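Asks: Under the working numbering, the first residue of the sequence shown is numbered 5, with each subsequent residue one higher.
Quick one: the structure is below, and I'll ask about it shortly.
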Amino acid sequence: MKKMLCLLILLAGLLLQAADLLPEPPKGFIWRQLPFIKASVMMPDDWFFSFIPDNKEEKYIYHITRENIEQKGVYESGLDFRVMRGVPVKTKGKLPSEYSASAVSETEKIVKFTKKWEETKGIFKEIGFMYVASDEKESTTIYRLYISNDKTGTVYVLTFEGPTKVWDELWKNVGEVIFKNMSIDESI
């Protein structure tokens, strides 16, 4: 019994220590832990979070949105954070970075990018782009970032979008804060 109690106390201490590793969020934001993937992102404290697991396929979809998509079924402004594990097995040997580059290439055939970039951050290889999607009613700006971990076989696809008419303010006050303040464990 004493061993179990000591183990629980040690575990609680480790969890508190891990939580302390994240910096204090700016006013109006909170840290949101993403189940199953050892990641945390900032989200506005008045926005909504939803999670769609597909544990059989090892795919996870997280949404941080201004609108409640569980009620409406859609959103206008927010982040779609998708995770696909085991990419080499699912793509007949493609590394996550190769899968990401191919996906970006295919998207570029369909839409005109307003910006495109590639960067390596430690173990992660990033490739991202922006574009504007329009129809006769409205225009939406899309910022998409592929983060690949070739060592673990995982791809993270983050898409932040919102109405073009308010994009600059939305990006500055929310999108940029999210993308500059995320924590993804390198072992996943």
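For glycine and all other residues, C-beta sits at the position ideal for the given N, C-alpha and C.
Note that this is a predicted model, so its numbers are computed, not measured.
Going by other Cβ atoms of all chains shown within 10 Å of its Cβ, with 16 needed for buried, is F33 buried or exposed?
Replies: Taking the first residue of the sequence shown as 1, we reach residue 33 at position 29. Its Cβ being crowded by 16 or more others within 10 Å, F33 is buried.
Asks: Could you have a look at V170 and say whether DSSP puts it in helix, strand or coil?
Replies: As a position in the sequence shown, residue 170 is number 166, starting the count at 1. In the structure shown, V170 sits in a helix (DSSP, three-state: H, G or I).
Asks: Quick one: using the 10 Å Cβ neighbour count with 16 as the cut-off for buried, is W171 buried or exposed?
Replies: Locating residue 171 in the sequence shown gives position 167, where the first residue counts as 1. Buried, since its Cβ has 16 or more Cβ neighbours within 10 Å.
Asks: State the start and end residues of the unbroken beta strand (DSSP E) segment that holds V87.
Replies: Taking the first residue of the sequence shown as 1, we reach residue 87 at position 83. Where V87 is concerned, the enclosing beta strand (DSSP E) stretches over 82-88.
Asks: Thinking just about the alpha-carbon of each residue, which of I65, T158, G126, E130 is nearest to the one in R89?
Replies: As a first step, residue 89 must be located in the sequence shown, where it is residue number 85. Checked all of I65, T158, G126, E130; the closest Cα to R89 is T158.
Asks: Give me the Cα-Cα distance between E123 and I188, rounded to the nearest whole angstrom.
Replies: Within the sequence shown, residue 123 is the residue found at index 119, counting from 1. Within the sequence shown, residue 188 is the residue found at index 184, counting from 1. C-alpha separation (whole angstroms): 16 Å.
Asks: For K116, which option in A107, F128, F133 has the closest C-alpha, if you only look at C-alpha atoms?
Replies: In the sequence shown, counting from the first residue as 1, residue 116 sits at position 112. The option with the nearest alpha carbon to K116 is F133.
Asks: Find out if the Cβ-Cβ distance for the pair S215, F128 is shorter than 8 Å.
Replies: Nothing in the structure corresponds to residue 215, since the chain is present only between 5 and 192.
Asks: Once the 5 residues before and after S143 are set aside, which same chain residues still bring their CB inside 8 Å of it?
Replies: The residue labelled residue 143 in the question sits at position 139 within the sequence shown. The answer, listed in chain order, is V136, A137, P167, T168, K169.
Asks: Rounded to a whole number of angstroms, what is the C-alpha to C-alpha distance between N185 and T95?
Replies: Within the sequence shown, numbered from 1, the residue matching residue 185 stands at position 181. Within the sequence shown, numbered from 1, the residue matching residue 95 stands at position 91. Answer to the nearest angstrom: the Cα atoms are 30 Å apart.
Asks: Check the C-beta distance from V181 over to P27 and give it rounded, since I have them as a contact under 8 Å.
Replies: Position 177 of the sequence shown holds residue 181. Position 23 of the sequence shown holds residue 27. Rounded, the Cβ-Cβ distance is 12 Å, inconsistent with contact.
Asks: What residues are listed by DSSP as bridge partners for G132?
Replies: Start at 1 with the first residue of the sequence shown, and residue 132 comes out as number 128. The partner list for G132 (beta bridge, DSSP) reads W121, L149.
Asks: Pull up the distance between the alpha-carbon of K119 and that of E71, whole angstroms please.
Replies: Within the sequence shown, numbered from 1, the residue matching residue 119 stands at position 115. Within the sequence shown, numbered from 1, the residue matching residue 71 stands at position 67. Answer to the nearest angstrom: the Cα atoms are 27 Å apart.
Asks: Sorted by chain position, which residues of the same chain lie with C-beta nearer than 6 Å to I56's C-beta, five sequence neighbours on each side aside?
Replies: For the purposes of this step, residue 56 is taken as the residue at position 52 of the sequence shown. Answer for I56: I65, listed in chain order.
Asks: Between the C-alpha atoms of I41 and L174, what's the straight-line distance to the nearest angstrom?
Replies: Taking the first residue of the sequence shown as position 1, residue 41 is located at position 37. Taking the first residue of the sequence shown as position 1, residue 174 is located at position 170. If I take the Cα positions, the gap works out to 27 Å.
Asks: Answer with buried or exposed for Q21, where buried requires no fewer than 16 other C-beta atoms within 10 angstroms of its C-beta.
Replies: Translated into positions along the sequence shown, residue 21 becomes position 17. A caution first: Q21 carries a pLDDT of 42, below 50, which makes its placement in the model unreliable, though a value can still be read off. With fewer than 16 Cβ atoms within 10 Å of its Cβ, Q21 is classed as exposed.
Asks: Please state whether DSSP places E28 in a helix, a strand or coil.
Replies: Here residue 28 refers to the residue found at position 24 of the sequence shown. Three-state result, E28: coil.
Asks: Taking just the CA atoms, how far does D154 sit from T145?
Replies: Translated into the one-based positions of the sequence shown, residue 145 becomes position 141. Translated into the one-based positions of the sequence shown, residue 154 becomes position 150. Computed Cα separation, rounded: 29 Å.
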